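Student: Here you go, one structure.
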Amino acid sequence: NAGVMQNPRHLVRRRGQEARLRCSPMKGHSHVYWYRQLPEEGLKFMVYLQKENIIDESGMPKERFSAEFPKEGPSILRIQQVVRGDSAAYFCASSPTGANSPLHFGNGTRLTVT
Amino acid sequence: AQSVTQPDIHITVSEGASLELRCNYSYGATPYLFWYVQSPGQGLQLLLKYFSGDTLVQGIKGFEAEFKRSQSSFNLRKPSVHWSDAAEYFCAVGAGNNDMRFGAGTRLTVKP
């Protein structure tokens, strides 16, 4: 019973390139959350999705960032024209029912922008 | 909106000693409260949760936490710390919406 799978584990991009982070939720989970973690900071909520729908994107920057969770396949967090400030660990979490049910986290993708 | 404060950024305890990690929350109603642990290079793992009922909740790995409404606190405790408990601990609060807020974390170091 695989947990939440994120890939890649490490991603290096030059400024101006695009970064695509993938997340496959646990089997049976239809709720996906993306968080960003910076050193010495907690996790910052970015976006909450269900299959084919963005439910809450209040934590996501208005520009350059987008997320999707298609009917088939993993959830994708996409960052266009990356800047050094985007360097962080990005965690995906899933839950079976959403709204305050415990989250199951992936091991994260560490994005480094050079 | 709800918020979480973990006053201690870093705590060091000796192996075998007791542990208490502090967590204070801000929210107008009864919150949903969680403690997660993160080992280096890993995602977060749920230790325990409080939704309602008994204010003292037991979790995995010998951890427990007590919800104190009057103090807006949900402190995590363990009677005897093991070296493998060294990690970062996050308190989180949910409030009936989809935005679970996490504290900044407390890094635990265990001395031999």
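Residue numbers (the working numbering), protein chains in the order written: chain A, 228 to 341; chain B, 13 to 124.
All C-beta atoms, glycine included, are put in the ideal place defined by N, C-alpha and C.
Given the structure is predicted, the values throughout are model-derived calculations rather than measurements.
Return yes when the Cβ of L238/A is within less than 8 Å of the Cβ of T336/A, no when it is not.
Tutor: Position 109 of the first sequence, counted from the start, is the residue given in the question as residue 336/A. Position 11 of the first sequence, counted from the start, is the residue given in the question as residue 238/A. Cβ atoms of T336/A and L238/A: closer than 8 Å.
Student: Is there contact here, the segment 59-78 of chain B with the segment 18-26 of chain B, by at least three beta-carbon pairs under 8 Å?
Tutor: Contact fails: fewer than three Cβ-Cβ distances are below 8 Å.
Student: In chain order, what residues of the same chain have a beta carbon less than 6 Å from the beta carbon of N36/B, not counting five sequence neighbours either side?
Tutor: The residue labelled residue 36/B in the question sits at position 24 within the second sequence. Contacts found: T17, S84, S85.
Student: Three-state secondary structure (DSSP) at R291/A?
Tutor: Translated into the one-based positions of the first sequence, residue 291/A becomes position 64. Coil at R291/A, not helix or strand.
Student: Can you list, in chain order, the residues of its chain with a C-beta nearer than 6 Å to that of R119/B? Leave out the 5 residues immediately preceding and following it.
Tutor: By one-based count along the second sequence, residue 119/B stands at place 107. For R119/B, where only same-chain residues beyond five positions count, the Cβ hits under 6 Å are H22, E100.
Student: Is the shortest distance between the beta-carbon of Q14/B and the beta-carbons of chain C less than 8 Å?
Tutor: You won't find chain C in this structure, because its protein chains are A and B.
Student: So, is N334/A buried or exposed, given that buried needs 16 or more other C-beta atoms within 10 angstroms?
Tutor: As a working note, residue 334/A is residue 107 in the first sequence. Classification for N334/A: buried.
Student: Near A104/B, what residues of its chain come up, given a Cβ to Cβ distance below 6 Å and the 5 sequence neighbours on each side ignored?
Tutor: On the second sequence, residue 104/B is found 92 positions in, with the first residue counted as 1. Taken in chain order, the residues that qualify are F46, M112, F114.
Student: Give a yes or no on whether the C-beta atoms belonging to E27/B and K90/B are separated by under 8 Å.
Tutor: Along the second sequence, one-based indexing puts residue 27/B at 15. Along the second sequence, one-based indexing puts residue 90/B at 78. No. Outside cutoff.
Student: Quick check on R242/A: buried or exposed, where buried means 16 or more other Cβ atoms within 10 Å of its Cβ?
Tutor: For the purposes of this step, residue 242/A is taken as residue 15 along the first sequence, with counting starting at 1. Classification of R242/A: exposed, given that the 10 Å Cβ count is below 16.
Student: Grab me the residues of T341/A's own chain with a C-beta within less than 6 Å of its C-beta, minus the 5 sequence neighbours each way, in chain order.
Tutor: Counted from its first residue, the first sequence places residue 341/A at position 114. Hits under 6 Å: R241.
Student: Given R247/A, which residues of its chain have a CB within under 7 Å of its CB, disregarding the five upstream and five downstream residues?
Tutor: Residue numbering aside, residue 247/A sits at position 20 when the first sequence is read from its first letter. Contacts found: I303, R305.
Student: Shortest alpha-carbon distance to K271/A belongs to which of Y262/A, E245/A, F332/A, Q277/A?
Tutor: Here residue 271/A is taken as the residue at index 44 of the first sequence, counted from 1. Among Y262/A, E245/A, F332/A, Q277/A, the Cα nearest to that of K271/A is on Y262/A.
Student: Please list the terminal residues of the continuous beta strand (DSSP E) segment that includes H237/A.
Tutor: Numbered from 1 along the first sequence, position 10 holds the residue referred to as residue 237/A. That run of the beta strand (DSSP E) goes 237-240.
Student: Grab the span of the beta strand (DSSP E) containing G106/B for me, first residue to last.
Tutor: Here residue 106/B is taken as the residue at index 94 of the second sequence, counted from 1. Counting along the chain, the beta strand (DSSP E) containing G106/B begins and ends at 99-106.
Student: Would you report the Cα separation of F318/A and L276/A, rounded to the nearest angstrom?
Tutor: Residue 318/A sits at position 91 when you count from the first residue of the first sequence. Residue 276/A sits at position 49 when you count from the first residue of the first sequence. Between F318/A and L276/A, the C-alpha separation is close to 14 Å.
Student: Could you name the residues of chain A that Q54/B contacts, counting a contact when the two beta carbons are closer than 9 Å?
Tutor: If you number the second sequence from 1, residue 54/B lands on position 42. What Q54/B touches in chain A: F332, N334, G335.
Student: Please classify I72/B: does DSSP put it in a helix, a strand, or coil?
Tutor: Translated into positions along the second sequence, residue 72/B becomes position 60. Reduced to three states, the DSSP call for I72/B is helix.
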